[in-house]
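What follows is a short report on a single structure.
Residue numbers (mature numbering (1 follows the signal peptide of the UniProt record, and there is no 0)): -17 to -1, 1 to 519.
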């Protein structure tokens, strides 16, 4: 029982009141019976305004309603407050709290997800609990993080008086998904076609673990590029995630001047993603991890061959945040990477030394003059979309700052459909980089077509939008080699169209003009970026 008292006020005689007047009495103390969940300070804040001399039944009812509202506001939606019949003596008013506890919890409708795991992830609805529905919503948000499962809570009166029966209704589907994508996202001097296939399963061991495999290649000439990515993810308590991944890449590219570059790389990494909070309006997370990278590169010019392998272990921390509103979306990513030189430091043979001879040197200096492996980079990516009645505007500002000369794997690259359109993928790279992009998008024309042309022709159409864009980038190289530009600008602009069907087919077609030439790369005046993806 919870008791609240105030200083005794002078007693006023009820005999002086007119017979027809409502009875009045002093409320000098509240006795709140049955509370186990609400802090005393919250109860005080709710009922203190209704204490004092010469109160009436309306004041008592208002105190009851205020206390009940305090429970509801705190998330205890199964708690009610009763004002029992009583004889008020000594200014003490009793309020009785009826806490509706969970009698039974059922999980129904689940076909592909273990019911016991779902029950364990919503402990706030465990039998015997007085549920805080603010916490229930947070726990359900974590459960509903998978697109393959939706869980809806249903409450009913329990068999025992003062109890509730909770049911978690599950609508799920097989947690297996995949996609096939075809595009012309190629580098210079390689075949145009690129095909990528992805397969993902999101409920290994009935514990929500995920396994994903992505394969990318050039179908007409696989030696141009072949990339395989394997990722394993494990959800942890509190919405955190632990991910392990491995990447293998292999390429064989002819560059200008008869030089052939053969590259092979392997990366094994780990990421621990800390959930800093998520709601309908936004999200935040912090990712901490490290990568082991083994990059083998061989440059051939005629009968000459120069090998430049490098192995290192960079550390990485990434902050990701987003704001989601009806007419506005904002996304920010900040990544700090650091290479620790003592880790995996080694010397290799076959390096071009400062005097022009070939000999033994540090692996990073062999890869690039001035590099020593003790680098640090800060990379950012800010995206903002503003939606108006008939169009939307999307802007992007991204870039990188570096502490020293970097190897190619750590440089900031520009060119291609995801950075500066009108250029080949990765047309240029530098130690420092800046990217700015603005895109004007029409409203979704799918609804207009379906209204004006009813019938099967457009019924599967989910999105159709037109766009105009301009991308600008600038790269800077620290201590460039002879013949290499210190600064390299890129500028592209064009038009495009995007299409998406409800059945999972996406098309993206963009035409862009390149307005700045890239030193050492094929000159382009116009480039078409095309992509088709089918999801299943």
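Glycine residues also receive a C-beta, built at the ideal position from the N, C-alpha and C atoms. Given the structure is predicted, the values throughout are model-derived calculations rather than measurements.
Is it buried or exposed for residue i, if we count other Cβ within 10 angstroms and need 16 for buried?
i: residue 512; result: buried
i: residue 255; result: exposed
i: residue 340; result: exposed
i: residue 276; result: buried
i: residue 329; result: exposed
i: residue -11; result: In this prediction, residue -11 scores a pLDDT of 35, lower than 50, which makes its location untrustworthy; the coordinate-derived value is nonetheless stated afterwards. Classification for residue -11: exposed.
i: residue 9; result: buried
i: residue 343; result: exposed
i: residue 24; result: exposed
i: residue 395; result: buried
i: residue 137; result: exposed
i: residue 185; result: buried
i: residue 117; result: exposed
i: residue 56; result: exposed
i: residue 297; result: buried
i: residue 383; result: buried
i: residue 208; result: buried
i: residue 13; result: buried
Just the C-alpha distance for residue i and residue j, rounded to the nearest angstrom, thanks.
i: residue 281; j: residue 442; result: 53 angstroms
i: residue 501; j: residue 411; result: 7 angstroms
i: residue 194; j: residue 142; result: 43 angstroms
i: residue 437; j: residue 431; result: 10 angstroms
i: residue 49; j: residue 70; result: 21 angstroms
i: residue 471; j: residue 252; result: 32 angstroms
i: residue 361; j: residue 389; result: 13 angstroms
i: residue 192; j: residue 164; result: 25 angstroms
i: residue 240; j: residue 486; result: Bear in mind that a pLDDT of 47 at residue 240, under 50, signals an unreliable position, so the number given afterwards is only what the model happens to contain. When rounded, the distance between both Cα atoms is 47 angstroms.
i: residue 86; j: residue 147; result: 6 angstroms
i: residue 188; j: residue 95; result: 11 angstroms
i: residue 346; j: residue 355; result: 8 angstroms
i: residue 473; j: residue 499; result: 5 angstroms
i: residue 448; j: residue 427; result: 5 angstroms
i: residue 2; j: residue 47; result: Residue placement at residue 2 is poorly supported in this model, since its pLDDT is 49, which falls under 50; the coordinates still yield a value, given next. So the two alpha carbons sit approximately 26 angstroms from each other.
i: residue 127; j: residue 268; result: 18 angstroms
i: residue 358; j: residue 27; result: 58 angstroms
i: residue 204; j: residue 413; result: 28 angstroms
i: residue 33; j: residue 63; result: 19 angstroms
i: residue 229; j: residue 349; result: 26 angstroms
i: residue 451; j: residue 464; result: 37 angstroms
Tell me which same chain residues have a C-beta within less than 6 angstroms of the C-beta of residue i, skipping the five on either side of it?
i: residue 514; result: 166, 491
i: residue 292; result: 279
i: residue 215; result: 194, 227
i: residue 317; result: 302, 363
i: residue 232; result: 210, 248
i: residue 497; result: 405, 406, 475, 507
i: residue 522; result: No information on residue 522 is available, as it lies outside the stretch -17 to 519 that the chain covers here.
i: residue 196; result: 182, 213
i: residue 453; result: 421, 476
i: residue 489; result: 483, 516
Skipping 5 residues on each side, what residues in its chain have a beta carbon closer than 8 angstroms to that of residue i?
i: residue 263; result: 307
i: residue 265; result: 304, 305, 306, 307
i: residue 44; result: 66
i: residue 484; result: 443, 444, 445
i: residue 53; result: 21, 25, 26, 28, 29
Could you pull out every residue in the same chain whose Cβ sits closer than 7 angstroms to the Cβ of residue i, ignoring the five residues on either side in sequence?
i: residue 351; result: 388, 390
i: residue 272; result: 252, 253, 254, 255, 299
i: residue -1; result: At residue -1, the pLDDT of 44 sits below 50, so the modelled position is not reliable; the number obtained from the coordinates is stated separately. Taken in chain order, the residues that qualify are 7.
i: residue 202; result: 176, 178
i: residue 435; result: none
i: residue 110; result: 85, 86, 87, 88
i: residue 510; result: 405, 406, 495, 497
Item to check | Those runs of the alpha helix (DSSP H) which lie wholly inside the segment 337 to 413 and span at least 4 residues | outcome: Counting whole runs of 4 or more residues, the segment 337 to 413 contains the alpha helix (DSSP H) stretches 346 to 350.
Checklist entry - Residue ranges of each alpha helix (DSSP H) run of no fewer than 4 residues wholly in the segment 49 to 76, ordered along the chain? => result If one requires a minimum length of 4 residues, no alpha helix (DSSP H) run lies completely within the segment 49 to 76.
Item to check | Every unbroken beta strand (DSSP E) inside the segment 420 to 474 [3 residues or more] | outcome: Listed in chain order, they are 444 to 459.
Next on the checklist: Counting beta carbon pairs with one atom in the segment 333 to 350 and one in the segment 304 to 314, are three or more of them shorter than 8 angstroms?
Outcome noted: The answer is no - the segment 333 to 350 does not touch the segment 304 to 314, with fewer than three Cβ pairs under 8 angstroms.
Item to check | the segment 145 to 161 in contact with the segment 116 to 135 per 3-pair CB rule at 8 angstroms | outcome: Yes, since at least three Cβ pairs between the segment 145 to 161 and the segment 116 to 135 fall closer than 8 angstroms, the two stretches touch.
Checklist entry - Is the segment 396 to 405 touching the segment 362 to 376, taking contact as three or more C-beta pairs under 8 angstroms? => result Counting C-beta pairs closer than 8 angstroms gives fewer than three between the segment 396 to 405 and the segment 362 to 376, which falls short of the contact rule.
Next on the checklist: Count Cβ pairs between the segment 374 to 393 and the segment 414 to 421 that sit closer than 8 angstroms; are there 3 or more?
Outcome noted: Contact holds: three or more Cβ-Cβ distances are below 8 angstroms.
Checklist entry - Does the pairing of the segment 97 to 106 with the segment 71 to 85 give three or more beta-carbon distances under 8 angstroms? => result No, the segment 97 to 106 does not touch the segment 71 to 85.
Next on the checklist: Quick check on the DSSP output: what are the complete alpha helix (DSSP H) runs of length 4 or more inside the segment 204 to 268, in order along the chain?
Outcome noted: Complete alpha helix (DSSP H) runs here, min 4: none at all.
Checklist entry - At what residue ranges does the segment 92 to 170 contain a whole run of the beta strand (DSSP E), taking only runs of 3 or more? => result Within the segment 92 to 170, the complete beta strand (DSSP E) runs of at least 3 residues are 132 to 140, 146 to 155, 159 to 166.
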